[in-house]
Amino acid sequence: MTEAGSRAADTRAAEARAIDARAIEARAAGLWLAAQQEIARRSAHEVKNALNGAVVNLEVVRARLARPGAPAEAATGFAETAASQFERVTAYVEALINLARPAHEPADVAAVLRSLHPLLEAAATAHDIQLSVTTFEPGARATSTDAQVTRLVLVAALLAATGRGAHSAECHAALDEEACPAVVVVRVARDGMPPPLDDAVAAVAAEAGVRIAPAPDAITLTFPAAAG
Amino acid sequence: MKHGKILIADDEAAITAGLSAILSDEGYEVDVATDGETALERLSADGYGVILADLKMPKVDGLALLKELAGREIPTECIIITGQATVDSAVAAMRQGAYDYIEKPLNAEKLNRLKALIPKALEKFAVQQKNRELASKLEGLTHYGELTGQSEAMREVYKLIDAVAPSSASVLILGESGTGKELVARAVHQKSERAKGPFFALNCAALPKEILENELFGHEKGAFTGSTNEKPGAFEMASGGTIFLDEVAEMPPDIQVKLLRALETRMVRRLGGKREIPVDIRIVAATNRDLQKALADGDLREDLYYRLAVVEIYLPPLRERVGDLQLLANEFLHRFSQQNGKKIQGFSDDAWEWILSYHWPGNVRDLKNAVERAVVLSRGPVIEAIDVTPRHLRTSGETPGSVTIPVGSSMADARRQLVLRTFASTAGDAARAAKVLGISGDELRAELASLLSPNGTRAAHGDGHRRGDDAEDDDSAAPRRPHPAVGKSAGAKGKPKKR
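As they're listed, the protein sequences go chains V and R. For the first sequence, our numbering begins at 22 and goes up steadily by one. For the second sequence, our numbering begins at 13 and goes up steadily by one.
Structure (structure tokens):
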């Protein structure tokens with residue numbers, strides 16, 4: 022093959038890879054939209070509960086302080102409850118905004134989990150499931166996987182684990198230093214057989230280099246760690 | 013404090029605390045349940061006029077709670093609190109009997125609406141509570157446990173059950189077949205302190221001697237050929253409860269001896285066994301036999317009789333409680349119409365004539381079967397006389413039985429009996445009855461109409477008249493107490509006859 026021919030072949034291959042990447046990106050974007058809707062649907066009750074708690078307690082404060090000569094103490098506890106409920110609402114709203122923001126490259130598994138945690142927890146409550154996500158500092162768990170695909174796979178795994186039929190679910194992410202190259206392993210476990218990951222999500226994940234290993238009580242996701 | 017208790021069922025502590033404060037400030041007594049299951053427990057244990065229930069709750073959600081409230085017939089008015097996304101469910105809740113629903117979040121406007129709704133819901137609850145109390149009082153006049161009847165005779169039975177049930181005394185129920193002896197036995201059990209214990213019914217006439225003995229006392233392994241396992245008897249199994257021995261006078265004499273011993277010592281020994289097993293049993297026995305005769309013939313041991321008949325309850329035959337016929341017939345009609353999915357409005361006048369004049373030899377069971385058959389076979393909205401007439405009386409052309417008119421009866425009573433019996437004997441054929449009576453069809457119809465009118469019915473079947481019927485029924489197969497005060501029975505059993 023001539024040098025020109027070789028360059029042309031490289032160009033075609035690069036173009037093909039770019040087309041593949043765009044296709045994955047497009048499919049991931051569609052699936053992400055569906056996942057967002059599912060989170061919003063499942064967490065709506067909890068979000069409204071928080072808002073309701075805040076409003077009802079504020080009404081108590083207003084009514085009690087409106088009484089002539091009413092002591093401030095009669096309303097203090099309710100004001101505190103209202104404040105705490107507004108904090109809950111704030112956390113939910115921030116998480117909802119994070120859902121809609123574009124994903125940052127490179128994706129950090131820990132940061133994604135932390136930003137979505139309040140909503141995922143609220144979504145789990147819809148099925149009476151207690152979700153605990155291990156707290157850790159972000160930074161060391163960056164992955165080379167496309168950021169959009171990363172958060173899609175994480176959310177899909179957590180939604181599957183917090184579907185009906187369990188009482189509790191746990192999510193734990195760790196950097197496996199012994200693996201070569203190093204990988205970020207996320208284990209989503211629950212006290213019952215988790216439903217399988219959605220086929221379309223699993224296909225996008227596989228194409229993006231994420232390994233998915235289902236087990237009787239857990240889904241293990243292995244992301245390639247970002248270089249450096 | 014305003015009248016009315018409110019239960020808030022929600023898993024959100026912040027909401028329940030706020031709502032409690034708002035409603036308490038309004039003067040209501042407020043309690044909180046953090047899930048649907050707890051709410052149900054509290055509602056079952058205590059009376060709440062209103063429950064504010066979140067549609068989404070752990071364990072039992074708002075819709076399931078409404079279903080349970082309806083299923084368990086727990087009186088309360090339910091206001092559902094729901095998120096906007098579940099308005100469809102709220103509408104479903106309304107269909108299931110919720111009083112109203114309010115959407116979250118409960119801002120000032122919605123809280124004001126809630127405050128306005130609660131007094132109305134409490135008022136509805138209070139009105140319905142009064143209705144329930146009235147219905148319960150009315151029910152108490154006509155029903156007792158599973159027994160139905162408002163006649164003086166049945167009220168006496170209820171009083172006797174009330175008096176005897178709390179004691180541990182043995183009870184002997186006397187009554188013809190089909191009068192409801194087992195229902196009385198169950199009522200005695202249910203009203204006693206043994207109600208939580210087992211109720212064990214055995215028909216002594218239905219079982220061969222060996223099996224009856226085995227059923228009563230049980231057996232040890234190897235007691236007889238084929239007894240590969242030990243088996244406790246009714247006395248052991250019903251310990252702490254009540255044994256009902258139906259048709260006790262049919263019990264073979266040697267088992268009567270064992271029964272007597274068990275009653276005296278409160279100990280039983282299994283067949284093939286050596287050890288005495290203590291039992292804590294109350295015996296309720298029943299018989300449809302003429303006890304005077306059964307004792308005289310040696311069919312029932314006198315010592316056993318005195319042991320069983322610490323208290324006797326005499327259950328009158330249906331012909332002695334004519335005042336209950338309409339109540340019973342209507343109740344059976346309602347029950348069997350529902351069971352068979354039929355919309356039957358009632359009985360025709362002719363059918364009532366038949367029901368009120370027939371002497372129902374099989375008693376309540378006989379009436380029940382007749383109404384069930386009529387409902388099943390009926391094609392129209394009304395049950396006709398032919399539907400409730402037993403087949404053998406429809407086709408046999410049987411002549412009417414005699415009419416006994418006690419001395420002291422009025423001419424009106426005598427005429428009434430003659431008209432009713434003749435009419436019944438023709439299976440409701442007014443033309444034939446008129447011909448037999450020698451009166452015109454119009455006269456007969458006028459006579460029947462006056463008997464069917466409320467006053468006429470009372471006059472014909474009220475307590476005053478029943479005494480006359482009793483005298484006439486002396487030739488019936490009614491069981492008699494073996495006391496000298498009670499008249500002797502001729503015990504004649506004949507073909508079904510009309511009153």
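Every residue gets a Cβ at the ideal spot worked out from N, C-alpha and C, and that includes glycine.
Going along chain V in order, which residues have a C-beta closer than 7 Å to the C-beta of Glu37 (chain R)? As a working note, residue 37 (chain R) is residue 25 in the second sequence. The question names Glu, yet the displayed sequence has Asp at residue 37 (chain R). Going along chain V in sequence order, the residues near Asp37 (chain R) (Cβ under 7 Å) are Ala84.
How long is the line joining the alpha carbons of Asn226 (chain R) and Asp258 (chain R), rounded to whole angstroms? Start at 1 with the first residue of the second sequence, and residue 226 (chain R) comes out as number 214. Start at 1 with the first residue of the second sequence, and residue 258 (chain R) comes out as number 246. Taking the straight line joining both Cα atoms gives about 16 Å.
Nearest-angstrom Cβ-Cβ length linking His125 (chain V) and Ala168 (chain V), presumed shorter than 8 Å: The residue you call residue 125 (chain V) lines up with position 104 of the first sequence. The residue you call residue 168 (chain V) lines up with position 147 of the first sequence. About 6 Å; that satisfies the 8 Å criterion.
Run the CB neighbour count on Lys355 (chain R), radius 10 Å, all protein chains shown included, and call it buried at 16 or more, exposed below. Translated into the one-based positions of the second sequence, residue 355 (chain R) becomes position 343. The residue is exposed, with fewer than 16 neighbouring Cβ atoms inside 10 Å.
Among the residues of its own chain, which have a CB less than 6 Å from the CB of Gly74 (chain V), if the five just before and after it don't count? The sequence position of residue 74 (chain V) within the first sequence is 53, counting from 1. Gln106, listed in sequence order.
Based on Cα-Cα distance, which residue from R:Glu85, R:Glu459, R:Asp454, R:Lys305 lies nearest to Arg427 (chain R)? Within the second sequence, the letter at position 415 stands for residue 427 (chain R). Closest by alpha carbon: R:Glu459.
Taking a contact to mean a Cβ-Cβ separation below 8 Å, would you say Leu316 (chain R) touches Leu345 (chain R) in this structure? Taking the first residue of the second sequence as 1, we reach residue 316 (chain R) at position 304. Taking the first residue of the second sequence as 1, we reach residue 345 (chain R) at position 333. For the 8 Å CB-CB criterion, Leu316 (chain R) and Leu345 (chain R) do not form a contact.
Would you be able to state if there are at least three C-beta pairs under 8 Å between the stretch 19-26 of chain R and the stretch 208-226 of chain V? Taking a cut-off of 8 Å for Cβ pairs, the stretch 208-226 of chain V and the stretch 19-26 of chain R do not touch, as fewer than three such pairs fall below it.
Please tell me whether Ile91 (chain R) and Ala133 (chain R) are closer than 8 Å, where the distance is taken between their beta carbons. Numbered from its first residue, the second sequence carries residue 91 (chain R) at position 79. Numbered from its first residue, the second sequence carries residue 133 (chain R) at position 121. If you check the CB distance, Ile91 (chain R) and Ala133 (chain R) come in under 8 Å.
What's the C-alpha gap between Val103 (chain R) and Thr146 (chain V)? As a position in the second sequence, residue 103 (chain R) is number 91, starting the count at 1. As a position in the first sequence, residue 146 (chain V) is number 125, starting the count at 1. Just so you know, the alpha carbons of Val103 (chain R) and Thr146 (chain V) end up roughly 24 Å apart.
Could you say which of R:Asp37, R:Asp66, R:Tyr40, R:Leu186 lies nearest to Ala51 (chain R) if we only look at CA atoms? By 1-based counting over the second sequence, the position of residue 51 (chain R) is 39. Among R:Asp37, R:Asp66, R:Tyr40, R:Leu186, the Cα nearest to that of Ala51 (chain R) is on R:Asp66.
What residues from chain R crowd round Glu80 (chain V), counting only those whose CB sits closer than 8 Å? Here residue 80 (chain V) refers to the residue found at position 59 of the first sequence. Here the neighbours are Gly30, Ile34, Leu118, Asn119, Ala120, Leu123.
Quick one: grab the DSSP three-state call for Gly109 (chain R). For the purposes of this step, residue 109 (chain R) is taken as residue 97 along the second sequence, with counting starting at 1. Three-state result, Gly109 (chain R): coil.
To the nearest whole angstrom, what separates the beta carbons of Gly190 (chain R) and Leu327 (chain R), a pair I think is in contact under 8 Å? Counting from 1 along the second sequence, the entry for residue 190 (chain R) is found at position 178. Counting from 1 along the second sequence, the entry for residue 327 (chain R) is found at position 315. At roughly 10 Å, the Cβ-Cβ gap does not stay under 8 Å, so Gly190 (chain R) and Leu327 (chain R) are not in contact.
Test item: CB-CB of Ile34 (chain R) and Thr28 (chain R) under 8 Å: For the purposes of this step, residue 34 (chain R) is identified with residue 22 of the second sequence, where counting begins at 1. For the purposes of this step, residue 28 (chain R) is identified with residue 16 of the second sequence, where counting begins at 1. Going by C-beta atoms, Ile34 (chain R) is not nearer than 8 Å to Thr28 (chain R).
Under DSSP, the alpha helix (DSSP H) around Val209 (chain V) begins and ends at which residues? As a first step, residue 209 (chain V) is located in the first sequence; it is residue number 188 there, counting from the start. The continuous stretches of alpha helix (DSSP H) do not include Val209 (chain V), which lies in the beta strand (DSSP E) extending over residues 204-211.
Can you tell which of R:Asp362, R:Glu288, R:Pro402 has its C-alpha closest to the C-alpha of Leu379 (chain R)? For this step, residue 379 (chain R) is matched to residue 367 along the second sequence. Out of R:Asp362, R:Glu288, R:Pro402, R:Pro402 has the C-alpha closest to the C-alpha of Leu379 (chain R).
Ala235 (chain R) - DSSP class collapsed to helix/strand/coil: The residue given as residue 235 (chain R) occupies position 223 in the second sequence. Looking at Ala235 (chain R) - three-state DSSP - the assignment turns out to be coil, as it is neither helix nor strand.
Once DSSP output is grouped into helix, strand and coil, what is the label at Gln162 (chain R)? As a working note, residue 162 (chain R) is residue 150 in the second sequence. If DSSP states are grouped into helix, strand and coil, Gln162 (chain R) belongs with coil.
In the DSSP assignment, the beta strand (DSSP E) including Ser153 (chain V) goes from what residue to what residue? For the purposes of this step, residue 153 (chain V) is taken as residue 132 along the first sequence, with counting starting at 1. Counted as a single uninterrupted DSSP element, the beta strand (DSSP E) harbouring Ser153 (chain V) occupies residues 151-154.
Please list the terminal residues of the continuous alpha helix (DSSP H) segment that includes Ala69 (chain V). Position 48 of the first sequence, counted from the start, is the residue given in the question as residue 69 (chain V). Residue identity differs from the one stated: residue 69 (chain V) is Lys in this sequence, not Ala. That run of the alpha helix (DSSP H) goes 24-87.
Whole-Å CB distance - Lys221 (chain R) paired with Pro264 (chain R), under 8 Å assumed: Locating residue 221 (chain R) in the second sequence gives position 209, counting from the first residue. Locating residue 264 (chain R) in the second sequence gives position 252, counting from the first residue. Confirmed, about 5 Å.
Nearest-angstrom Cβ-Cβ length linking Glu168 (chain R) and Arg198 (chain R), presumed shorter than 8 Å: Against the second sequence, residue 168 (chain R) aligns to sequence position 156. Against the second sequence, residue 198 (chain R) aligns to sequence position 186. At roughly 18 Å, the Cβ-Cβ gap does not stay under 8 Å, so Glu168 (chain R) and Arg198 (chain R) are not in contact.
Does any residue of chain V bring its CB to less than 8 Å from the CB of Glu248 (chain R)? One-based indexing of the second sequence puts residue 248 (chain R) at position 236. Chain V contact via Cβ: absent.
Which residues mark the beginning and the end of the beta strand (DSSP E) in which Val126 (chain V) is found? Along the first sequence, read from residue 1 onward, the residue named residue 126 (chain V) stands at position 105. A small fix is needed here, since residue 126 (chain V) is Glu in this sequence, not Val. No beta strand (DSSP E) holds Glu126 (chain V); DSSP gives it neither H nor E.
Let me see if you follow: with CB-CB separation under 8 Å, is Lys127 (chain R) close to chain V or not? Within the second sequence, numbered from 1, the residue matching residue 127 (chain R) stands at position 115. Cβ-Cβ to chain V under 8 Å: no for Lys127 (chain R).
Backbone secondary structure at Tyr326 (chain R) - three-state DSSP: Start at 1 with the first residue of the second sequence, and residue 326 (chain R) comes out as number 314. DSSP, read as helix, strand or coil, puts Tyr326 (chain R) in strand.
Just tell me which of V:Pro127, V:Ala103, V:His66, V:Ala234 has its CA closest to the CA of Val170 (chain V). What you label residue 170 (chain V) is simply residue 149 of the first sequence in a count that begins at 1. For Val170 (chain V), the closest of V:Pro127, V:Ala103, V:His66, V:Ala234 by C-alpha to C-alpha distance is V:Pro127.
Find the residues of chain R that neighbour Gln106 (chain V), judging by a C-beta separation of less than 7 Å, and give them in chain order. Residue 106 (chain V) sits at position 85 when you count from the first residue of the first sequence. What Gln106 (chain V) touches in chain R: Ala26.
Proximal chain V residues relative to Pro70 (chain R), where beta-carbon distance stays under 7 Å: In the second sequence, residue 70 (chain R) corresponds to position 58, counting from 1. Taking a Cβ-Cβ threshold of 7 Å, the residues of chain V close to Pro70 (chain R) are Asp149, in chain order.
Could you give the C-beta distance for Leu134 (chain V) and Ala194 (chain V), rounded to a whole number, given that I count them as a contact under 8 Å? Along the first sequence, read from residue 1 onward, the residue named residue 134 (chain V) stands at position 113. Along the first sequence, read from residue 1 onward, the residue named residue 194 (chain V) stands at position 173. Correct: roughly 6 Å between the Cβ atoms.
For Arg172 (chain V) versus Ala190 (chain V), is the C-beta spacing smaller than 8 Å? In the first sequence, residue 172 (chain V) corresponds to position 151, counting from 1. In the first sequence, residue 190 (chain V) corresponds to position 169, counting from 1. Not a contact, by the Cβ cut-off of 8 Å.
With C-beta atoms as the reference, is Leu228 (chain R) less than 8 Å away from Phe256 (chain R)? By one-based count along the second sequence, residue 228 (chain R) stands at place 216. By one-based count along the second sequence, residue 256 (chain R) stands at place 244. Judged by beta-carbon spacing, Phe256 (chain R) lies beyond the 8 Å limit of Leu228 (chain R), meaning their Cβ atoms are not closer than that value.
Is there a Cβ from chain V that is less than 8 Å from the Cβ of Gly238 (chain R)? For the purposes of this step, residue 238 (chain R) is identified with residue 226 of the second sequence, where counting begins at 1. Cβ-Cβ to chain V under 8 Å: no for Gly238 (chain R).
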